[in-house]
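Data first, discussion second: the structure below is written as structure tokens.
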Amino acid sequence: MRTQVVIVGGGPAGTLLARLLAAEGIESVVLELRSRDHVLSRIRAGVLEQGSVEVLSSIGLGGRIARDGFVHGGVNLAFANRMFRVDFEGLVRRSVTIYGQTEVQKHLYEACDRSGQEIHFEAEEVKLFDLDTTNPFATSVINGQLHRVEGDFIAGCDGGHGVSRTMIPNPRTYERVYPFGWLGILSETPPVNDELIYNNHERGFALCSMRNPNLSRYYLQCPLETTVEDWPDDRFWEELKRRLPTRTAEGLVAGASIEKSITPLRSMVTEPMSHGRLYLAGDAAHIVPPTGAKGLNLAISDVVYLARALAEHYRRGSDEALSRYSETALGRVWKAVRFSWWMTTLMHRFEDQGSFGQRVQEAELDYLASSPAAQTAMAENYTGLPID
Ligand code: RFL
Ligand code: PHB
2 MRTQVVIVGG GPAGTLLARL LAAEGIESVV LELRSRDHVL SRIRAGVLEQ GSVEVLSSIG
62 LGGRIARDGF VHGGVNLAFA NRMFRVDFEG LVRRSVTIYG QTEVQKHLYE ACDRSGQEIH
122 FEAEEVKLFD LDTTNPFATS VINGQLHRVE GDFIAGCDGG HGVSRTMIPN PRTYERVYPF
182 GWLGILSETP PVNDELIYNN HERGFALCSM RNPNLSRYYL QCPLETTVED WPDDRFWEEL
242 KRRLPTRTAE GLVAGASIEK SITPLRSMVT EPMSHGRLYL AGDAAHIVPP TGAKGLNLAI
302 SDVVYLARAL AEHYRRGSDE ALSRYSETAL GRVWKAVRFS WWMTTLMHRF EDQGSFGQRV
362 QEAELDYLAS SPAAQTAMAE NYTGLPID
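Following this line, the structure appears as structure tokens:
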């Protein structure tokens, strides 16, 4: 097979990149390790920045998101049995949209189907070759047969455990591993609140989120050693109630969980994000803890930069933007890494923080509750810095 851009990974970064390139008349082939059903069964992100919605609208997905998504003009932060709201619309005239990553992924696959985009699912043992030449290629075992896909460029969009990252020689890796995870459940119950609530509590962080008026998503900070078997539904609901402000807890509707999973929290950045004709995008290059709701949004901004740079190569014969891709993407990435780290540090319970640490967190939350300046900084970052 021969194409212009070989895309490794058919998650949000890979499939959105394929759509953005197609809009510029650039051909690509996507190689995805898993089956389509498997990718669509993963419950992940739920918050789209305003800029992400604009990007998805530019490839024709705006109607669905406007119809089924929920625009939130703010979020709530709770601590010490108090709760306050950060009014994004009032402070920065921006909002976020609650819309499941699974739905975004489904729409992206459907858009690919309609346009005849080549996606090979269950593409195993992907290996990359000749990255520092103008004819890089990938090999993969598909349906038991070895295939070779040649391209002008390779986009590494294969997530946190992919092969692309390992092909960057002598990378600089920056990492922070948090000593806890998030235990998440999805339940067919009405959300406890019409907007998100991030809860700081002595027993650990809790998050109240949702997908639609009868589908709630809740998370609890949990020890790394815990397993989902340790957390029957009753235990989950009881613990969640204890971590919410009393009035909120009173309105919580419990029900059977339809999904339960544990995610360890970490921050990780690999630099540079390119080598020769290989360009990394999304989780393949960086991981953020989910507290700031940034992972999917960064995958989107990376591929916007990459698609633009590739378009400049094909349209104008200029490699200027490609040569600056890593630097451009990392500028935005590090600010989101900083914000996610800040929110994680502010909202979670750390074993070694003691009562002093808890009071310092509460003082910062008290300050945030009363300071429009502090709230504006949060609102600007949460709703998303510009993709320029
Ligand atoms: P993905 O989604 O991991 O997709 C990578 C794809 O590559 C495939 N793959 C390979 N393909 C070929 N060959 C190989 N060797 C391969 N190895 C892997 C994989 O099967 C997969 O299909 O990365 P991508 O596209 O960069 O997208 C990133 C986002 O998925 C991720 O950042 C977000 O889900 C993070 N995240 C959140 N982000 C937000 O913006 N807002 C949120 O509210 C939010 N909440 C979350 C989250 C992530 C979570 N978990 C489970 C990690 C909540 C959670 C709980
Ligand atoms: C979610 O709804 O899954 C969600 C929302 C906000 C976050 C992380 C996850 O910060």
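Following our numbering, the numbering of the sequence shown begins with 2 at its first residue and continues without gaps.
Even glycine gets a Cβ: it sits at the ideal position worked out from N, Cα and C.
At what residue ranges does the segment 25-49 contain a whole run of the beta strand (DSSP E), taking only runs of 3 or more?
29-32
On the DSSP bridge assignment, give the partners of K261 in chain order.
For the purposes of this step, residue 261 is taken as residue 260 along the sequence shown, with counting starting at 1. Its beta-bridge partners are I186.
Chain-ordered residues, beta carbon under 5 Å from a heavy atom of the ligand PHB:
G47, V48, S210, R218, P291, A294
Q1 and L297 closer than 8 Å at C-beta:
Nothing can be reported for residue 1: it is not among the residues displayed for the chain, which extend from 2 to 389.
Can you give the Cα-Cα distance for P224 and H148, rounded to whole angstroms?
Position 223 of the sequence shown, counting from 1, holds the residue named residue 224. Position 147 of the sequence shown, counting from 1, holds the residue named residue 148. When rounded, the distance between both Cα atoms is 43 Å.
Let me check you understand the geometry: is the CB of R35 closer than 7 Å to at least one non-hydrogen atom of the ligand RFL?
Along the sequence shown, one-based indexing puts residue 35 at 34. Because some heavy atom of the ligand RFL lies under 7 Å away, the Cβ of R35 counts as near it: yes.
Given the structure, does G160 come close to the ligand RFL, in the sense that its CB is under 7 Å from one of the ligand's heavy atoms?
Taking the first residue of the sequence shown as 1, we reach residue 160 at position 159. Because some heavy atom of the ligand RFL lies under 7 Å away, the Cβ of G160 counts as near it: yes.
Shorter than 7 Å, the distance from the beta carbon of N298 to the closest heavy atom of the ligand RFL, or not?
Counted from its first residue, the sequence shown places residue 298 at position 297. Yes, since a heavy atom of the ligand RFL falls inside the 7 Å radius drawn around the Cβ of N298.
Looking at P13 and the ligand RFL, is the gap between the Cβ and the nearest heavy atom below 7 Å?
As a position in the sequence shown, residue 13 is number 12, starting the count at 1. Indeed, a heavy atom of the ligand RFL lies less than 7 Å from the Cβ.
Any idea if G117 is buried or exposed, counting beta-carbon neighbours within 10 angstroms, 16 or more meaning buried?
The sequence position of residue 117 within the sequence shown is 116, counting from 1. The residue in question, G117, is exposed, as its Cβ has fewer than 16 Cβ neighbours within 10 Å.
Check this for me: beta carbons of H349 and F181, under 8 Å apart or not?
Mapped onto the sequence shown, residue 349 falls at position 348. Mapped onto the sequence shown, residue 181 falls at position 180. H349 places its beta carbon less than 8 Å from that of F181.
Answer yes or no: do R37 and Y110 have a C-beta to C-beta separation smaller than 8 Å?
Residue 37 sits at position 36 when you count from the first residue of the sequence shown. Residue 110 sits at position 109 when you count from the first residue of the sequence shown. Their beta carbons are under 8 Å apart, which means R37 touches Y110 by this criterion.
Closer than 7 Å to a non-hydrogen atom of the ligand RFL - does that hold for the CB of G10?
For this step, residue 10 is matched to residue 9 along the sequence shown. Indeed, a heavy atom of the ligand RFL lies less than 7 Å from the Cβ.
Should R83 go down as buried or exposed, given a rule of 16 or more other Cβ atoms within 10 Å for buried?
Locating residue 83 in the sequence shown gives position 82, counting from the first residue. The residue in question, R83, is exposed, as its Cβ has fewer than 16 Cβ neighbours within 10 Å.
Sorted by chain position, which residues of the same chain lie with C-beta nearer than 6 Å to E381's C-beta, five sequence neighbours on each side aside?
Walking along the sequence shown from the start, residue 381 turns up at place 380. Cβ within range, chain order: V93.
Given that a residue counts as buried once 16 or more other Cβ atoms are within 10 Å of its Cβ, and exposed if not, what is P13?
Locating residue 13 in the sequence shown gives position 12, counting from the first residue. P13 should be labelled buried.
Quick one: is H162 buried, meaning 16 or more other Cβ sit within 10 Å of its Cβ, or exposed?
Sequence index remark: in the sequence shown, residue 162 carries index 161 (1-based). Per the 10 Å Cβ criterion, exposed.
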